[in-house]
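Student: Quick one: the structure is below, and I'll ask about it shortly.
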Amino acid sequence: MTQVVAECSAVHHHYGSTAALDGIDLALSGGKVTALLGPNGAGKTTLIHLLMGVLPVQKGRIEVFGSLRPGQRPAQRRIGVMLQASGVQNNLTVTELLDLFASFYPNPDSRERLLDELDLVELADRRFRHLSGGQKQRVLFALAVVGKPDWLILDEPTTGLDPSARRILWRAIDARRQSGASILLCTHFMDEAQKLADHVVVLNSGRVLDQGSPDAIRRRVASERIRARTSLSVETIRELPSVQSVTAGEDRIEILSRRGTETVRALLSADDGVEDLEVAAADLETAFLTLTDSARGAADLSVSATTEQEAA
Amino acid sequence: MNTASPSMQLIRAQWLNLLRTPDYTLPTLLFPIMFYVFFGLMMMRGQALWLLCTFATFGVMGAALFSFGVSIATERAQGWLLLLRASPAPVNAVIAGKAFGALLFALVTVVLLSALAAAFANVRLETAQWLGLAGILTAGALPFCLMGLALGLWLRPSAAPAVLNLVYLPMGFLSGLWIPSTVFPGWLQAVAEWLPPYHLAALALDIVGAKPANWTQSLTILAVFALAFAVMAALGWRRLSGAS
Amino acid sequence: MKSLAGIVLLLAAALATLLLLPGPNAAYPGMTAITDLRLFDGERLVDDATILIAEGRIVEVGSDLDIPEDARTIPGRGLTVLPGLIDAHVHAYGNARTDALRMGVTTMLDMFRSPGDQPMVIRQRQSLKPTEQADLFSSGMLATAEGGHGTQYGIPVPIPESPDSAGRWVEQRLAEGSDYIKIVIEDGSGWGRPLPTLGQAMVEALVEAAHERNVMAVAHISTLKDAKMAVRAGVDGLVHVFADEPVDESFIQLARNAELWIVPTLAVLSASHGQDVPDWLTDSQFTNGRVTTRQQSMLEMSFPGAQMRQARWPLVLDNVRRLHEAGITLLAGSDSGNPGTSHGPSLHHEMALLTEAGLSPLDALRSATSLPAQAFGLDERGCLRAGCRADLILIDGDPRSDIRKTIRIHSVWKNGSPNDRDQAGGNDA
Chain A
58 MTQVVAECSA
68 VHHHYGSTAA
78 LDGIDLALSG
88 GKVTALLGPN
98 GAGKTTLIHL
108 LMGVLPVQKG
118 RIEVFGSLRP
128 GQRPAQRRIG
138 VMLQASGVQN
148 NLTVTELLDL
158 FASFYPNPDS
168 RERLLDELDL
178 VELADRRFRH
188 LSGGQKQRVL
198 FALAVVGKPD
208 WLILDEPTTG
218 LDPSARRILW
228 RAIDARRQSG
238 ASILLCTHFM
248 DEAQKLADHV
258 VVLNSGRVLD
268 QGSPDAIRRR
278 VASERIRART
288 SLSVETIREL
298 PSVQSVTAGE
308 DRIEILSRRG
318 TETVRALLSA
328 DDGVEDLEVA
338 AADLETAFLT
348 LTDSARGAAD
358 LSVSATTEQE
368 AA
Chain B
50 MNTASPSMQL
60 IRAQWLNLLR
70 TPDYTLPTLL
80 FPIMFYVFFG
90 LMMMRGQALW
100 LLCTFATFGV
110 MGAALFSFGV
120 SIATERAQGW
130 LLLLRASPAP
140 VNAVIAGKAF
150 GALLFALVTV
160 VLLSALAAAF
170 ANVRLETAQW
180 LGLAGILTAG
190 ALPFCLMGLA
200 LGLWLRPSAA
210 PAVLNLVYLP
220 MGFLSGLWIP
230 STVFPGWLQA
240 VAEWLPPYHL
250 AALALDIVGA
260 KPANWTQSLT
270 ILAVFALAFA
280 VMAALGWRRL
290 SGAS
Chain C
154 MKSLAGIVLL
164 LAAALATLLL
174 LPGPNAAYPG
184 MTAITDLRLF
194 DGERLVDDAT
204 ILIAEGRIVE
214 VGSDLDIPED
224 ARTIPGRGLT
234 VLPGLIDAHV
244 HAYGNARTDA
254 LRMGVTTMLD
264 MFRSPGDQPM
274 VIRQRQSLKP
284 TEQADLFSSG
294 MLATAEGGHG
304 TQYGIPVPIP
314 ESPDSAGRWV
324 EQRLAEGSDY
334 IKIVIEDGSG
344 WGRPLPTLGQ
354 AMVEALVEAA
364 HERNVMAVAH
374 ISTLKDAKMA
384 VRAGVDGLVH
394 VFADEPVDES
404 FIQLARNAEL
414 WIVPTLAVLS
424 ASHGQDVPDW
434 LTDSQFTNGR
444 VTTRQQSMLE
454 MSFPGAQMRQ
464 ARWPLVLDNV
474 RRLHEAGITL
484 LAGSDSGNPG
494 TSHGPSLHHE
504 MALLTEAGLS
514 PLDALRSATS
524 LPAQAFGLDE
534 RGCLRAGCRA
544 DLILIDGDPR
554 SDIRKTIRIH
564 SVWKNGSPND
574 RDQAGGNDA
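Protein chains in written order, with this note's numbering: chain A, 58 to 369; chain B, 50 to 293; chain C, 154 to 582.
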């Protein structure tokens with residue numbers, strides 16, 4: 058499928074006096090995994106709810122599957138949704154929930170197959186309230202895909218999951234992409250976006266800040282956070298390769314780096330007394346915080362782009 | 050694989066939920082039954098037929114308010130309603146599922162009380178009267194379903210049980226469901242005659258032959274009440290859709 | 154775990170239960186004959202009688218009756234049959250009607266109760282279907298002064314405002330289903346506590362309004378003075394005898410001319426005048442299974458201030474004696490529902506007390522059967538003739554010799570069916 062699965066034109070949305078979306082123009086192509094990245098409050102949830110049809114469009118236009126509008130039954134039949142921290146009737150068993158949702162769709166998937174795919178077979182008769190957080194999320198995913206949707210909308214699907222559960226979901230998502238479904242994935246994990254997405258849309262303050270392939274975006278945003286105790290000064294560290302920003306913490310320095318390994322290598326060779334070294338995936342929120350630091354925001358972007366081009 | 054229709058599945062889900070939350074299904078069911086056993090069977094057996102009608106009304110009211118009110122408020126908070134709204138589940142089927150659960154709950158209450166009255170207080174009615182009693186009270190649960198729906202859509206889930214109890218118990222008492230309103234002082238009797246449960250009980254009392262009722266008046270009051278809460282529910286639903 | 158099938162099953166169970174819930178008790182379809190009875194028909198007592206009952210009524214009464222072959226026959230040897238008793242002054246609440254019926258009181262004349270279920274009460278007493286409750290006639294709400302006697306029971310009583318509004322007040326009572334109007338004249342002087350009370354003009358207006366609408370007006374009094382006022386105002390009867398002064402000739406004249414009847418309510422007066430409940434009334438041999446614990450405790454309750462009035466008890470009995478000797482109609486009524494009384498036994502006590510005041514046993518029986526029926530126009534009650542309701546009480550023994558024998562109940566029949574406690578054929582007491 059190469060057609061456009063959803064199109065937003067000049068979409069604005071506000072809650073009371075707060076603007077949540079400030080003019081979104083977006084076209085989501087079919088047959089791809091699109092990751093929607095953005096810090097909390099960026100407007101991701103609002104956008105998703107508008108696309109799902111549970112919020113009415115206040116200003117602008119949204120069309121799905123060509124000419125349908127969100128919320129219309131023919132559209133909903135082709136969409137599967139997994140919401141963040143969603144609840145269900147806690148007293149129903151996994152099987153009962155699946156059967157319930159399966160009944161909403163014209164051509165549902167096989168329950169047995171789904172249970173097997175998501176490693177829920179042993180939990181089939183357990184009530185939802187008695188599942189762990191991770192197990193609940195796998196069930197919610199199952200509810201999202203039971204209808205064999207053409208378009209799957211997932212809001213933070215792997216938050217809080219252990220690595221093996223995460224892998225199960227990633228495999229399931231990929232399987233659907235391979236069979237031609239379109240997937241919209243909200244996440245704040247760079248590695249997840251990197252691994253799954255064909256296309257990334259970056260949202261901030263209700264606007265599309267950027268979009269492109271994962272690699273292209275990655276290069277524009279810091280992706281790793283390094284903490285260490287070092288005798289080097291902040292100014293010195295700022296000059297190290299791929300360093301995005303440096304802040305002095307209580308006893309450690311915190312470095313945001315575009316390519317963590319490069320920075321670490323340089324740091325170690327510059328100070329062989331480095332201690333308490335910690336490297337972690339920078340979450341997007343931290344990265345964006347530095348980006349939106351007014352003195353550096355746009356300038357930083359262009360500087361880094363230039364640097365990359367020069368390096369390339 | 051289960052191929053039942055969404056309506057059937059939703060009804061089933063609602064019913065399973067009722068069965069599996071005995072913490073509050075049981076009290077809602079047992080409360081009027083206990084009251085009836087105490088007042089109608091033990092203390093005032095001579096009034097057993099009258100009290101059957103009034104306590105059954107009370108029970109039906111409770112069944113409707115709690116199946117709808119508390120569950121909707123909770124499900125709202127859980128995000129269940131959001132998930133359902135995003136799915137192709139028809140909204141009517143969702144509401145119908147709940148209504149059916151409430152009506153069935155109401156029917157069970159009435160049947161239980163009737164059986165107690167027949168077995169222990171020698172209450173004897175024509176078959177048509179037994180069926181009529183069950184029918185009018187089950188149908189009469191609908192206005193209270195709407196009331197529960199409206200309150201559930203507007204109240205916070207933490208507040209819902211308290212507010213519903215605050216409405217349910219005094220309204221039941223003031224409508225003369227526990228003590229016949231004929232022993233109230235005049236001004237209080239006048240209050241009772243504006244309350245919907247009073248009128249539902251009045252219809253039940255007419256069917257069993259205890260006291261003739263003004264059907265036009267009672268049905269009108271019940272209808273107005275139902276309409277008012279239907280509007281409130283619709284507005285609550287709109288508010289929900291407008292600002293999740 | 155329930156599936157859809159479970160829901161359907163539940164619905165089916167509910168429907169089945171509803172369809173199988175019992176319908177009204179069916180009367181014995183054929184004829185019932187009770188033979189070899191001593192029979193008191195409301196007026197006189199004859200030996201060796203047979204009663205034929207069908208469809209809730211007495212078909213025939215006589216000595217040598219032809220009993221149809223398919224009739225069920227119950228031997229009455231040694232038993233006396235009386236018309237179901239009429240208690241001419243009660244307050245029926247709670248289980249009163251059921252309790253009273255078990256003791257042979259088949260009709261009750263209530264003198265103050267909430268009229269809420271009056272339509273049902275009326276329908277029940279018009280029916281001949283088997284029932285476990287005594288039939289009830291009622292005054293509904295009583296007429297009293299603001300804050301007067303009757304307002305202390307926690308039931309809001311509509312107060313007649315002025316003689317001009319008497320008509321409307323009476324109409325409201327009739328709309329509620331009242332069978333007669335009860336007027337309270339009580340200034341508390343007989344009880345040592347002053348109370349507001351209706352004035353003469355009000356009483357006259359109420360009586361007139363009642364009579365205009367073809368219903369009787371009865372009065373509560375407790376003093377001779379008020380009794381005279383009531384009679385002069387035109388009331389049809391008094392539902393207590395006065396206990397403050399001896400009856401005088403002028404009252405007797407008034408009463409005779411007005412053809413007044415009086416319900417002495419000696420049962421409650423004995424309680425309020427410090428008299429003990431006699432042992433024979435509470436003999437468990439006769440009360441077992443007929444008198445509930447609750448009724449018994451009510452009988453044992455002491456009436457406030459009873460000791461103070463004990464000395465006046467002989468006066469009460471004496472008044473009744475003189476009224477009887479003067480030919481004033483006396484009706485048996487217990488005022489049950491008050492401390493020291495109970496629904497059922499107290500009417501038997503009342504009859505015994507009437508004999509203590511000089512009535513013969515047969516007189517006492519008349520006061521509980523034909524006389525109240527005549528006074529209140531209850532055609533088919535208090536009698537045992539063809540056409541009367543088959544409301545009867547079968548006594549073990551002959552009450553002519555000792556009125557207290559009435560407590561030895563063999564069985565009670567209402568609308569031609571034996572009381573639940575008795576079943577067909579009576580108990581084996």
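C-beta: ideal position from N, C-alpha, C; glycine also.
Classify valine 161 of chain C as buried or exposed, calling it buried when 16 or more other Cβ atoms lie within 10 Å of its own Cβ.
Tutor: Exposed, by the Cβ-count rule.
Student: So what does DSSP say about leucine 197 of chain A, is it helix, strand or coil?
Tutor: In the structure shown, leucine 197 of chain A sits in a helix (DSSP, three-state: H, G or I).
Student: Does the Cβ of glutamate 285 of chain C have 16 or more other Cβ atoms within 10 Å, making it buried, or fewer, making it exposed?
Tutor: So glutamate 285 of chain C counts as buried.
Student: For glutamine 141 of chain A, which of A/Thr293, A/Ala222 and A/Asp212 has the nearest alpha-carbon?
Tutor: Comparing Cα-Cα distances from glutamine 141 of chain A to each of A/Thr293, A/Ala222 and A/Asp212, the minimum goes to A/Asp212.
Student: Quick check on glutamine 460 of chain C: does DSSP put it in helix, strand or coil?
Tutor: Glutamine 460 of chain C: helix per DSSP, three-state reduction.
Student: Could you tell me whether the Cβ of serine 224 of chain B comes closer than 8 Å to any Cβ of chain A?
Tutor: For serine 224 of chain B, the answer is no, since every Cβ of chain A falls outside 8 Å of its Cβ.
Student: Please determine, among C/Thr233, C/Asp200, C/Asn472 and C/Ala386, the residue with the shortest C-alpha to C-alpha distance to isoleucine 338 of chain C.
Tutor: Measuring from the Cα of isoleucine 338 of chain C, the nearest candidate turns out to be C/Ala386.
Student: With a threshold of 7 Å, establish whether the CB of serine 86 of chain A neighbours any heavy atom of the ligand FAD.
Tutor: Ligands are entirely absent from the displayed structure, and the ligand FAD is therefore not among its contents.
Student: By DSSP, does alanine 282 of chain B sit in helix, in strand, or in coil?
Tutor: Three-state result, alanine 282 of chain B: helix.
Student: With 16 as the cutoff for other CB atoms within 10 Å, does asparagine 572 of chain C come out buried or exposed?
Tutor: Classification of asparagine 572 of chain C: buried, given that the 10 Å Cβ count is 16 or more.
Student: Identify every run of the alpha helix (DSSP H) within the region 218 to 276 of chain B, keeping only runs that are complete inside it and at least 4 residues long; order them along the chain.
Tutor: Complete alpha helix (DSSP H) runs here, min 4: 235 to 241 and 245 to 256.
Student: Would you check if the distance between the CB atom of alanine 132 of chain A and the CB atom of glycine 117 of chain A is smaller than 8 Å?
Tutor: No, Cβ-Cβ distance for alanine 132 of chain A and glycine 117 of chain A is not below 8 Å.
Student: Give the interface partners of arginine 125 of chain B over in chain C, defined as CB-CB distance under 8 Å, in chain order.
Tutor: Within 8 Å Cβ-Cβ: nothing; arginine 125 of chain B doesn't reach chain C, min ~25 Å.
Student: Should serine 74 of chain A be flagged as near chain B, meaning a C-beta pair shorter than 8 Å?
Tutor: With 8 Å as the cut-off, serine 74 of chain A does not count as an interface residue toward chain B.
Student: Label serine 359 of chain A either buried or exposed according to how many other C-beta atoms from any shown protein chain fall within 10 Å of its C-beta, with 16 as the threshold for buried.
Tutor: Unreliable positioning characterises serine 359 of chain A in this predicted model, as indicated by a pLDDT of 36, which lies under 50. The coordinate reading is nonetheless provided below. Result: exposed.
Student: Applying the 10 Å Cβ sphere with the 16-neighbour rule, what's the burial state of glycine 352 of chain C?
Tutor: With fewer than 16 Cβ atoms within 10 Å of its Cβ, glycine 352 of chain C is classed as exposed.
Student: For serine 252 of chain C, which of helix, strand or coil comes out of DSSP?
Tutor: It is worth fixing the name first, because residue 252 of chain C is aspartate in this sequence and not serine. It is helical.
Student: Contact check, alanine 190 of chain B vs leucine 152 of chain B under 8 Å by CB: the rounded distance?
Tutor: Confirmed, Cβ separation roughly 6 Å.
Student: Would you list the residues sitting across from threonine 226 of chain C in a DSSP beta bridge?
Tutor: Threonine 226 of chain C pairs with C/Ala186.
Student: Which residues of chain C have a Cβ atom closer than 8 Å to the Cβ of phenylalanine 233 of chain B, listed in chain order?
Tutor: What phenylalanine 233 of chain B touches in chain C: Pro309.
Student: Would you kindly report the start and end of the unbroken beta strand (DSSP E) that includes glutamine 279 of chain C?
Tutor: Careful: glutamine 279 of chain C lies outside any beta strand (DSSP E), inside the alpha helix (DSSP H) at 271 to 279.
Student: Count the C-beta pairs between the region 168 to 180 of chain C and the region 502 to 516 of chain C that are closer than 8 Å, then say yes if the count reaches three, no if not.
Tutor: Judged by Cβ distances under 8 Å, the region 168 to 180 of chain C makes no contact with the region 502 to 516 of chain C, as fewer than three pairs qualify.
Student: Quick check on the DSSP output: the beta strand (DSSP E) that includes cysteine 65 of chain A runs from which residue to which?
Tutor: Cysteine 65 of chain A -> beta strand (DSSP E) spans 61 to 72.
Student: Below 8 Å CB to CB, which residues in the same chain sit around tryptophan 344 of chain C once its five sequence neighbours on both sides are set aside?
Tutor: Correct list, in chain order: Ser375 and Gly458.
Student: Let me see if you follow: with CB-CB separation under 8 Å, is glutamine 266 of chain B close to chain A or not?
Tutor: No, its Cβ sits nowhere closer than 8 Å to a Cβ of chain A.
Student: Please name the residues in the region 227 to 251 of chain C whose beta-carbon is closer than 7 Å to at least one beta-carbon of chain B, in chain order.
Tutor: Taking 7 Å as the Cβ-Cβ cut-off against chain B, the residues of the region 227 to 251 of chain C that qualify are Gly247, Asn248, Ala249, Arg250 and Thr251.
Student: Comparing C-alpha positions only, which one of A/Gly123, A/Thr215 and A/Arg170 sits nearest to threonine 87 of chain A?
Tutor: Residue 87 of chain A is actually glycine in this sequence, not threonine. The option with the nearest alpha carbon to glycine 87 of chain A is A/Gly123.
Student: Is there at least one Cβ from chain A nearer than 8 Å to tryptophan 129 of chain B's Cβ?
Tutor: Yes, tryptophan 129 of chain B lies at the interface with chain A (some Cβ there is under 8 Å from its Cβ).
Student: Considering isoleucine 161 of chain C, what are the terminal residues of the alpha helix (DSSP H) in which it resides?
Tutor: According to the sequence provided, residue 161 of chain C is valine. The question's isoleucine does not apply to it. Its alpha helix (DSSP H) spans residues 157 to 173.
Student: Count Cβ pairs between the region 560 to 570 of chain C and the region 437 to 446 of chain C that sit closer than 8 Å; are there 3 or more?
Tutor: Yes, the region 560 to 570 of chain C is in contact with the region 437 to 446 of chain C.
Student: Between which residues of its own chain and glutamine 463 of chain C is the CB-CB distance below 7 Å, once the five residues before and five after are set aside?
Tutor: Contacts found: His426 and Gly427.
Student: So, at 7 Å on beta carbons, what are the nonlocal neighbours of alanine 521 of chain C in its own chain, with the 5 sequence-adjacent residues on each side left out?
Tutor: For alanine 521 of chain C, where only same-chain residues beyond five positions count, the Cβ hits under 7 Å are Leu238, Ile239, Ala485, Leu500 and Met504.
Student: With DSSP as the reference, label phenylalanine 290 of chain C as helix, strand or coil.
Tutor: Strand.
Student: Mark valine 143 of chain B as exposed unless 16 or more other C-beta atoms lie within 10 angstroms of its C-beta, in which case mark it buried.
Tutor: So valine 143 of chain B counts as buried.
Student: Indicate whether at least one CB of chain B lies closer than 8 Å to the CB of glutamine 192 of chain A.
Tutor: No, no contact with chain B.
Student: Could you have a look at lysine 9 of chain A and say whether DSSP puts it in helix, strand or coil?
Tutor: As displayed, chain A neither begins before 58 nor continues past 369, which places residue 9 of chain A out of reach and without an answer.
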